[in-house]
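Numbering (my numbering), first residue to last: 1276 to 1673.
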């Protein structure tokens, strides 16, 4: 199954209505200074998960209280208001600020669930996908949430029970963040196959800050984080295992099928680990022996994590065992390995899922469509997958 992602790299401008939240402007008082309540209908509210001061009465909003957002024109940003304080607006509560997800992506899961208290005016709905140049020839489409989007797609498509039965082989997994998410947020064993070292300090910092606790992302998204619970930030996350080598379909098939590891495979594995240490990833692509490949979305050499040696698989027998236990082979922007993923998985009768990125037509001059034309564009690459693997299906990730 080939998969394609179309994303935006920049947030759309968020439109905010400027209504004063000051009591003297919006709240009616009688002759002796008492506030006069109105009979207006309460706005759509959400349930607070934190302690926050009410923008009207200044009393504390505690977890479990119903509240609604209000644009704060003087201080900037927004304020949260007790549900009960809506009666203090004689002319009715001003329209809520526009939902940033609605304005940026044109969709909002919490709105669909009926629990988003922000505005979702159709006129403010984001529809365009912005692109920008990044110093190279290719136009970059960046999405910092692509790992999460792909992870959720895998859970929807294959089901959590299937994913937890064996190993997910994450080919060209780069920094290892997708495998880290699968392992720590879903309880799925995932192994990275990539010559570059893992770089997980950023996502592990989010973990310790409590970014993946249910109280942080709310009940609507909790189903996509089945391995997380309140307080999970206090326990140490697990790092995915790492096969630090290039992915070759034929060699990995041998490791999966052969029970005896001969000297040829031993020498290959040792050579791959040695070669991997000379690999650098820069704005000009993967550099090996002075040769530059196509541009890629990452723009700096990888920094080696201090705990990298703890997750790297150094024994060929362990590596072979991991490959034998594989239940699914995936690749999120796997570059040159896209074709090998499909070939390897098909050879072993495993399901596979790829989000193609670069075409690398110079490296694969024999990759042709049925009409004889060489594969040189992204659309042609998708067509090639469909022709080479008729049972494959294509879709666009949300």
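We put the beta carbon where it would ideally sit given N, CA and C, even for glycine.
Item	Value
Those residues which DSSP pairs with residue 1342 across a bridge	1321 and 1357
Cut-off 6 Å between Cβ atoms - residues of its own chain near residue 1338, not counting five sequence neighbours on either side	1323 and 1324
Residues near residue 1658 in its chain [Cβ-Cβ closer than 7 Å; skip 5 each side]	1644
Same chain, Cβ closer than 7 Å to residue 1479, neighbours up to 5 away in sequence not counted	1512
Validate contact between the stretch 1601-1621 and the stretch 1428-1439 using beta carbons, cut 8 Å, 3 pairs	yes
Cβ distance (whole Å) where residue 1489 is taken to contact residue 1554 below 8 Å	Contact flag wrong, Cβ pair sits at about 39 Å.
Spatial distance of residue 1590 from residue 1451 (CA atoms)	20 Å
Element boundaries [alpha helix (DSSP H), containing residue 1454]	1452-1460
Euclidean distance between Cα positions of residue 1616 and residue 1445	10 Å
Extent of the continuous beta strand (DSSP E) run through residue 1602	1601-1607
CB of residue 1345 within 7 Å of CB of residue 1330, strictly	yes
Residue closest to residue 1646, alpha-carbon to alpha-carbon, out of 1334, 1663 and 1527	1663
Rounded separation between residue 1441 and residue 1596 - CA only	11 Å
C-alpha gap between residue 1357 and residue 1343, whole angstroms	7 Å
Through-space distance from residue 1614 to residue 1543, alpha-carbon basis	21 Å
Residue from 1438, 1501, 1588 and 1364 whose Cα sits closest to the Cα of residue 1467	1588
Option in 1447, 1443 and 1476 with minimal Cα separation from residue 1461	1443
Where residue 1621 falls: helix, strand or coil (DSSP)	helix
First through last residue of the beta strand (DSSP E) which encompasses residue 1445	1442-1446
For residue 1671, the first and last residue of its enclosing beta strand (DSSP E)	1669-1672
Strand pairing of residue 1482, partner residues [DSSP]	Residue 1482 pairs with nothing; no bridge assigned.
Residues near residue 1392 by beta carbon distance below 8 Å, same chain, minus five either side	1318, 1319, 1320, 1321, 1342, 1343, 1344 and 1371
Whole runs of the beta strand (DSSP E) within the stretch 1624-1662, excluding any shorter than 3 residues	1627-1630
Cut-off 6 Å between Cβ atoms - residues of its own chain near residue 1514, not counting five sequence neighbours on either side	1586
Closest Cα partner of residue 1672 within the set 1422, 1336, 1375 and 1518	1422
Residue range of the unbroken beta strand (DSSP E) whose run includes residue 1518	1516-1518
Residue 1528 - containing beta strand (DSSP E), residue span	Element bounds for residue 1528: not the beta strand (DSSP E) but the alpha helix (DSSP H), 1524-1532.
Beta-carbon gap between residue 1708 and residue 1332 smaller than 7 Å	Any question about residue 1708 goes unanswered here, given that the chain covers just 1276 to 1673.
Contacting residues, own chain, Cβ-Cβ under 7 Å from residue 1623 (five flanking each side not counted)	1528 and 1531
Cβ-based neighbour list, residue 1491, same chain, cut-off 8 Å, excluding 5 preceding and 5 following	1324 and 1485
Counterpart residues of residue 1329 in DSSP-defined beta bridges	1355
Minimum Cβ-Cβ distance from residue 1468 to chain B less than 7 Å	Considering every chain present, this structure includes no chain B. It has just one protein chain.
Euclidean distance between Cα positions of residue 1620 and residue 1396	46 Å
Endpoints, beta strand (DSSP E) assigned at residue 1700	Lying outside 1276 to 1673, the shown extent of the chain, residue 1700 is not represented and no answer is given.
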